[in-house]
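Novice: According to the working numbering, the sequence shown holds residues 352 to 637 in order.
Questions regarding the structure given below will be posed in turn.
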Amino acid sequence: MTDDTVHRFLFEHLDIRGAVVRLGSCWRQMQAGRHYAPPVATLLGEMAAVTALIAEQAKQESRLTFQLRSAGPISLLVMDCNAALQMRGMARAPRDVRPAPAAELLGASTGGQLALTLDLPLAREPYQSIVPLVGETLAEIFEHYLEKSEQQPSRLFLSAGPECAACLFLQKLPEADAHDADGWNRVIQLAASVKPDELQTLDAESLLIRLFHEETVRLYAPREVRYHCPEDREKIRGMIQSLGHEEAQGIVEEHGAIVVQDEICNREYRFEADEVAAIFAPRPLN
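In structure tokens, the structure reads:
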């Protein structure tokens with residue numbers, strides 16, 4: 352079985368739902384060639400796990416993008432995922448970022464913000480939601496976002512290392528107190544005993560048995576997550592064409608070629624003079 356999965360589960364007698372996210376190959380591909388400092392990679396991995404979680408529960412075909420902008424050492428985290436759970440992401444930060452609390456690295460006290468952009472197939476414009484960075488950790492920042500957007504108490508436990516990024520998610524549903532007045536508190540206390548290495552190494556079933564062996568938990572079939580950053584030179588050709596012949600030619604004369612950096616996919620597109628000329632060459636009439 353793939354090591355890139357979102358595994359939903361339900362406490363059958365408590366009206367509490369949850370999910371276990373584990374990203375292995377997907378997360379490793381996202382880091383390849385990036386040379387992120389460890390504190391940057393940790394926060395980006397945690398954000399990847401949360402994004403996969405939220406994208407998986409979308410109720411319709413969509414593409415969601417989270418952008419976390421800050422005045423801290425890590426100025427930008429971006430994570431993008433579609434309804435098929437194909438994802439990509441990147442961070443913008445110096446290579447010498449030193450370990451520090453997440454709130455400090457993200458400048459949470461100096462006006463940072465978390466923005467969600469949701470592209471829906473039939474919508475004229477993307478939906479966008481922006482919330483301030485509230486919390487000392489990335490988990491707390493996203494808990495605040497989830498409570499604002501879904502109006503239900505939620506808890507997140509995140510962990511990310513070089514090989515795996517993982518998330519344990521719990522959410523209290525409307526009838527939880529009627530089922531068991533102490534159920535939510537009990538489950539949260541049990542979940543809080545989870546260790547970072549357990550999140551990264553245990554499969555969903557083993558993790559749930561380890562944490563909630565006295566509860567009745569229904570584990571649903573997993574969904575696979577994939578890293579997806581295909582090369583798209585046609586899109587870049589279209590961008591060059593939109594510049595117009597004169598401006599494109601001016602860039603070639605000044606720099607020798609047109610070079611476009613695809614930052615989120617860590618890919619460079621280079622168009623030499625002859626290829627730029629071909630973009631604007633008259634097409635033969637049929």
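Glycine included, C-beta positions come from ideal geometry on N, C-alpha and C.
Under 8 Å by Cβ, that's how I've got R574 and E407 pegged, so tell me the actual separation to the nearest angstrom.
Specialist: So it is a contact: roughly 6 Å between Cβ atoms.
Novice: What residue range is occupied by the uninterrupted beta strand (DSSP E) comprising L469?
Specialist: Taken as a continuous stretch (DSSP letters only), the beta strand (DSSP E) holding L469 covers 464-470.
Novice: How big is the Cα-Cα spacing for R634 and L594?
Specialist: So the two alpha carbons sit approximately 18 Å from each other.
Novice: Thinking C-beta only, is A422 closer than 7 Å to V391?
Specialist: No, the pair does not count as a contact, with Cβ atoms beyond the cut-off.
Novice: Could you work out which residue in F622, M590, R584, A370 is closest to A572 when comparing CA atoms only?
Specialist: The residue with the shortest Cα to Cα distance from A572 is A370.
Novice: Looking at the structure shown, is L394 part of a helix, part of a strand, or coil, going by DSSP?
Specialist: Of the three classes helix, strand and coil, the one that applies to L394 here is helix, per DSSP.
Novice: Quick one: Cα of D354 to Cα of Y578, how far?
Specialist: Cα to Cα, D354 sits roughly 12 Å from Y578.
Novice: Ignore the nearest five residues each way along the sequence and tell me which others in C515's own chain have a CB closer than 7 Å to its CB.
Specialist: Cβ within range, chain order: R373, L374, G375, W378, Q551.
Novice: Please report the residue range of the alpha helix (DSSP H) in which L524 lies.
Specialist: Element bounds for L524: n/a, residue is neither H nor E.
Novice: What residue ranges within the stretch 403-485 form continuous beta strand (DSSP E) runs of no fewer than 3 residues, ordered along the chain?
Specialist: Listed in chain order, the complete beta strand (DSSP E) runs (minimum 3 residues) inside the stretch 403-485 are 414-420, 427-433, 437-443, 464-470, 478-483.
Novice: Can you give the Cα-Cα distance for E425 and L484, rounded to whole angstroms?
Specialist: Glu is not the amino acid found at residue 425; the sequence shown has Ile there. Whole-angstrom Cα-Cα distance: 13 Å.
Novice: Just tell me which of A444, L497, L553 has its CA closest to the CA of H386.
Specialist: Nearest C-alpha to H386: A444.
Novice: Given D583, which residues of its chain have a CB within under 8 Å of its CB, disregarding the five upstream and five downstream residues?
Specialist: Excluding positions up to five away in sequence, the list is empty.
Novice: Quick one: what's got a C-beta closer than 8 Å to V610's C-beta in the same chain, skipping five residues either side?
Specialist: So the list reads E619, Y620, R621, F622, once near-sequence residues are dropped.
Novice: Going by beta carbon distance, what residues of the same chain come within less than 8 Å of E494, once the five residues before and after it are set aside?
Specialist: Correct list, in chain order: G486, S505, R506, L507.
Novice: Measuring straight from C-alpha to C-alpha, what distance separates S480 and A466?
Specialist: When rounded, the distance between both Cα atoms is 6 Å.
Novice: Just grab the DSSP bridge partners of Y571 for me.
Specialist: Answer is none; Y571 lacks a bridge partner.
Novice: Candidates I367, V603, G396, L524: which alpha carbon is nearest Q380's?
Specialist: Ranking the options by Cα distance to Q380, first place goes to G396.
Novice: Please report the distance separating the alpha-carbon of G607 from that of A543.
Specialist: Roughly 57 Å separates the two Cα atoms.
Novice: If E549 sits next to R537, beta carbons under 8 Å apart, how far is it from one beta carbon to the other, in whole angstroms?
Specialist: With a Cβ gap of about 19 Å, E549 and R537 do not count as contacting.
Novice: Taking the continuous beta strand (DSSP E) assigned at L509, which residues delimit it?
Specialist: 505-511 is the extent of the beta strand (DSSP E) around L509.
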